[in-house]
Amino acid sequence: MVREALTELERARGLALGAALRRARGELPVRELAARSGLAEETIRKIERGGVPTPALFTVAAITAVLDIPLDDLVRAATATSDTAVA
């Protein structure tokens, strides 16, 4: 199965999502977030820098649970930021 290339909007949303997660993480080290969420450090780093523009829902949910931020707030922040970046 061939995956279609991501659109500019999807890439922008991935960057916005990563930036929003990075801001939410604040001073919490990636290593600590990874340990508490059960994810690999590299996975978190890739998401934060936009290298995984469409991460799995359960991956993002694990991160937001540790950071104690509502998933829908994160989606709104990422969508609003990416929509202005593409416009």
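Residue 499 in the working numbering sits at position 69 of the sequence shown; the count goes up by one each step and never skips.
Think of the CB as a built atom: it goes at the ideal place given N, C-alpha and C, for glycine as much as any other residue.
Here the structure is a predicted model, which means the values were calculated and not measured.
Could you check what DSSP says for residue i in three-state terms: helix, strand or coil?
i, result
"Asp-498", "coil"
"Ala-470", "coil"
"Thr-509", "helix"
"Glu-457", "coil"
"Glu-434", "coil"
"Ala-486", "coil"
"Gly-481", "coil"
Roughly how far, in whole angstroms, is the beta-carbon of residue i from the beta-carbon of residue j, given that I think they are within contact range, below 8 angstroms?
i, j, result
"Ser-467", "Ala-492", "4 angstroms"
"Pro-500", "Gly-444", "Incorrect: roughly 20 angstroms between the Cβ atoms, too far for contact."
"Leu-487", "Ala-450", "Wrong, their Cβ atoms sit about 15 angstroms apart, outside the cutoff."
Using 8 angstroms as the threshold, is the C-beta distance between residue i and residue j below it?
i, j, result
"Leu-463", "Val-496", "yes"
"Arg-461", "Glu-471", "yes"
Using a Cβ cut-off of 8 angstroms (strictly closer), state whether residue i contacts chain C.
i, result
"Arg-455", "Chain labels in this structure do not include chain C; a single protein chain is all it has."
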